[in-house]
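Everything in the sequence shown is counted per the numbering used here, starting at 3 for the first residue and increasing by one.
Where is the CB? At the ideal position from N, CA and C, for every residue including glycine.
Notes follow the structure.
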Amino acid sequence: MPDRQPPGQIEAGPYLDRLIELKVFGQKPVAEPPHYSTDDGEAERVLAQLNRPPLRWVAIREDDGWTVAWRQPESSEDGESTATRYVRLVAASAPTRPLAICRAALKLVAARQAETNPGF
Numbered sequence: 003m004p005d006r007q008p009p010g011q012i013e014a015g016p017y018l019d020r021l022i023e024l025k026v027f028g029q030k031p032v033a034e035p036p037h038y039s040t041d042d043g044e045a046e047r048v049l050a051q052l053n054r055p056p057l058r059w060v061a062i063r064e065d066d067g068w069t070v071a072w073r074q075p076e077s078s079e080d081g082e083s084t085a086t087r088y089v090r091l092v093a094a095s096a097p098t099r100p101l102a103i104c105r106a107a108l109k110l111v112a113a114r115q116a117e118t119n120p121g122f
């Protein structure tokens, strides 16, 4: 059953696009959703939807595909450091950039839900 697959293993296609529409955009897809997992322009919309301060994302091209990571600034305990260090929240890899974006987006949404609803 696809619903039980970890976000980092879901393949590109209509099922993943529907999940993105539901989990990232909060809309129940009634028609065919945009091709978030296969179209770079549509994947950019996913990034724009989630890219809210203090979150930052990075996409890294690798030999065998792409890795997309979401991160946030680490709080400095001494208060004297002016350099910003980041903590990686989630990351996902895939053969294509749109697929890596979608996988990382689902991981980020799941991590946020776990923070707000621990134990669920």
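Local conformation of residue i per DSSP, three classes
{"i": "Gly67", "result": "strand"}
{"i": "Ile12", "result": "coil"}
{"i": "Val60", "result": "strand"}
{"i": "Ala33", "result": "coil"}
6 Å CB neighbourhood of residue i in its chain, flanking five on each side removed
{"i": "Thr40", "result": "Ala14, Pro100"}
{"i": "Arg20", "result": "Pro31, Pro35"}
Which residues DSSP lists as bridging residue i, in chain order
{"i": "Tyr92", "result": "With the sequence shown as reference, residue 92 is identified as Val, and Tyr is not the correct amino acid for it. Beta-bridge pairing links Val92 to Trp72."}
Backbone CA spacing between residue i and residue j [nearest angstrom]
{"i": "Glu34", "j": "Leu52", "result": "21 Å"}
{"i": "Met3", "j": "Pro56", "result": "Unreliable positioning characterises Met3 in this predicted model, as indicated by a pLDDT of 39, which lies under 50. A coordinate reading is not provided."}
{"i": "Asp65", "j": "Ala102", "result": "14 Å"}
{"i": "Gly2", "j": "Ala112", "result": "There is no way to answer for residue 2, as the model of the chain reaches only from 3 to 122."}
{"i": "Val89", "j": "Ala96", "result": "21 Å"}
{"i": "Tyr17", "j": "Thr118", "result": "26 Å"}
Other residues of its chain near residue i: CB distance less than 7 Å, five sequence neighbours each side excluded
{"i": "Leu24", "result": "Lys30, Pro31"}
Beta carbon proximity, residue i to chain C, threshold 9 Å
{"i": "Leu49", "result": "Judged by its chain identifiers, the structure shown contains no chain C, having just a single protein chain."}
Cut-off 8 Å between Cβ atoms - residues of its own chain near residue i, not counting five sequence neighbours on either side
{"i": "Gln74", "result": "Pro56, Leu57, Arg58, Tyr88, Val89, Leu91"}
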